[in-house]
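Undergrad: Take 25 as the starting number for the sequence shown in our numbering and just add one per residue. A virtual CB, placed ideally from N, CA and C, is assigned to each residue, including glycine. Just dropping this structure here.
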Amino acid sequence: MILVTGGAGYIGSHAVLSLLKDNYEILIFDNLERGHIETVETLQKLGKVTFFKGDLRKADDLERVFKQYNIESVLHFAAFALVEESVKEPFKYYKNNVLGSVNLINIMLKNNVKNIVFSSSCATYGEPKYFPIDEKHPQKPINPYGEAKLEVEKILLEYDKLYGLKSVILRYFNVAGCDEYCRIGEWHEPETHLIPNILKCATNKEKIFKIYGDDYNTPDGTCIRDYVNVEDLADAHKLALEYLKKENKSDIFNLGTEKGNSVKEIFDICEKTVNSKVNREITHRRAGDPAILYADSAKAKKILGWKPNRTLEESIQRAFEWEKKMQTGNYIS
Ligand code: UDP
25 MILVTGGAGY
35 IGSHAVLSLL
45 KDNYEILIFD
55 NLERGHIETV
65 ETLQKLGKVT
75 FFKGDLRKAD
85 DLERVFKQYN
95 IESVLHFAAF
105 ALVEESVKEP
115 FKYYKNNVLG
125 SVNLINIMLK
135 NNVKNIVFSS
145 SCATYGEPKY
155 FPIDEKHPQK
165 PINPYGEAKL
175 EVEKILLEYD
185 KLYGLKSVIL
195 RYFNVAGCDE
205 YCRIGEWHEP
215 ETHLIPNILK
225 CATNKEKIFK
235 IYGDDYNTPD
245 GTCIRDYVNV
255 EDLADAHKLA
265 LEYLKKENKS
275 DIFNLGTEKG
285 NSVKEIFDIC
295 EKTVNSKVNR
305 EITHRRAGDP
315 AILYADSAKA
325 KKILGWKPNR
335 TLEESIQRAF
345 EWEKKMQTGN
355 YIS
């Protein structure tokens, strides 16, 4: 069985879906603080998925899950993932994201489980010194979210040296879209992310979209990010698991499209893709946001054989369908 922490959340659930297509047997471990039971129930209809409600901060929960099930590898998504929240409540991030991860890997070792794929982030790089950002770029996070992810990366690499724990660290850039049949999708409460927020305005759920700052040092003044499709990103986890099994060594990969789009560009593409006009206003910068982030993913392409296949327009179209579905209140497919 593959243990997927945070499998009821956005990226974790799409990784489960990707693994189910190859008949993997999955055990989702999630405290449902930010993930959703409806997502788990949808996944359970699509393949062999067991659910364990547990919290990484409680070593007892982890002890029980490892005792009860035969776990061969771990995909570790469970984490708080909001940059601005991390600036306001850093301790919450260190406790859940760092201590929770340490609990997890200690219990893995105790049970002789030595393969883990870890969800890291481009937020570990901080303000970039050059573009595109490759894995060798210095890591100087500018917010506690990135700091906590970097800390876990370091611990994983230490545990390899000390105890032979093998990890593939995947540094995600921004993520967009959902399952091609809209069975699962991006479901955050409250929603803070760019594309869903624009689409909520496009469907009139919200009135006015706010751009967080147009005074950055970029061509149109708004922040530039690299938006990778969530299904493409999910597929990379399967490749990472296969890599761990085959190569039995730790490694680090950036996952992005290698193309940056500004907030204003994303806004225009959304309006065009869903054929709707959206009201917008410029407001203050959001704490913790670097101006520009986009990936060099050559290493993942070369070593994992990964390639992002879906376009930004496809991601936006999918996210739009999902947004409309969410608004009907019918979450279970
Ligand atoms: N953003 C924005 N308005 C919103 C949400 C996000 O202007 O309602 C901007 C945000 O400041 C950042 C970019 O869009 O520059 C991407 O933000 P998101 O929250 O989607 O992802 P993050 O970069 O924080 O992972």
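Nearest to T335 by CA position, among N253, P314, V298, is which residue?
TA: N253
Undergrad: When we look at the beta-carbon of N278 and count the other beta-carbons within 10 Å, is it buried (16 or more) or exposed?
TA: buried
Undergrad: Suppose you measure from the CA of S37 to the CA of R304; what does that come to, to the nearest Å?
TA: 31 angstroms
Undergrad: Can you list the residues near ligand 1, meaning Cβ strictly closer than 6 angstroms to any non-hydrogen atom, in the order they appear in the chain?
TA: V107, N198, T216, H217, L218, N221, K234, I235, Y236, C247, R249, V287, R310, D313
Undergrad: Tell me the rounded alpha-carbon separation between G353 and W211.
TA: 12 angstroms
Undergrad: Buried or exposed, going by whether 16 or more other CB atoms sit within 10 Å of the CB of T281?
TA: T281 is buried by the Cβ-count criterion.
Undergrad: What residues in its chain sit with their C-beta under 6 angstroms from that of K67, if we drop five residues either side in the sequence?
TA: Per the sequence presented here, residue 67 reads as Leu, with Lys not at that position. Cβ neighbours of L67 beyond the five flanking positions: V40, V73.
Undergrad: Just reading off the beta strand (DSSP E) that H161 is part of, what are its end residues?
TA: Looking at the DSSP string, H161 is not in any beta strand (DSSP E), and its letter there is neither H nor E.
Undergrad: Curious, which full-length alpha helix (DSSP H) runs of at least 4 residues does the region 48 to 100 contain?
TA: Entirely contained in the region 48 to 100, the alpha helix (DSSP H) runs reaching 4 residues are, in chain order, 61 to 68, 83 to 92.
Undergrad: Candidates I52, E337, L51: which alpha carbon is nearest E289's?
TA: E337
Undergrad: Taking L372 as the reference, give the member of E151, A324, R310, K153 with the closest Cα.
TA: Absent from the structure is residue 372, since the part of the chain shown begins at 25 and ends at 357.
Undergrad: Can you round the beta-carbon distance between G312 and I166 to whole angstroms, since I take them to be within the 8 angstroms contact cut?
TA: 6 angstroms
Undergrad: Tell me which residue opens and which closes the alpha helix (DSSP H) that E266 is part of.
TA: Judged by DSSP secondary structure, E266 falls within the alpha helix (DSSP H) whose first and last residues are 254 to 271.
Undergrad: Rounded to whole angstroms, how far is the Cβ of G78 from the Cβ of N94, which I believe are closer than 8 angstroms?
TA: The pair is not a contact, with the Cβ atoms about 17 angstroms apart (cut-off 8 angstroms).
Undergrad: Span of the beta strand (DSSP E) holding K229?
TA: Careful: K229 lies outside any beta strand (DSSP E) and carries neither H nor E.
Undergrad: Flag Y117 as yes when its Cβ comes closer than 6 angstroms to any non-hydrogen atom of ligand 2, and as no otherwise.
TA: The model on display carries ligand 1 but not ligand 2.
Undergrad: Exposed or buried, which one is L128 when buried takes at least 16 other CB atoms within 10 Å?
TA: buried
Undergrad: Spatial neighbours of G59 within its chain, please: C-beta separation below 6 angstroms, excluding the five flanking residues on both sides.
TA: Cβ neighbours of G59 beyond the five flanking positions: A32, G33.
Undergrad: Who are the near neighbours of Y118 in its chain, counting only those whose CB is closer than 6 angstroms to its CB and skipping five residues on each side?
TA: A172
Undergrad: By DSSP, does I35 sit in helix, in strand, or in coil?
TA: helix
Undergrad: Checking 7 angstroms against the spacing of the C-beta atoms, do F76 and F53 come in under that value?
TA: Judged by beta-carbon spacing, F53 lies within the 7 angstroms limit of F76, meaning their Cβ atoms are closer than that value.
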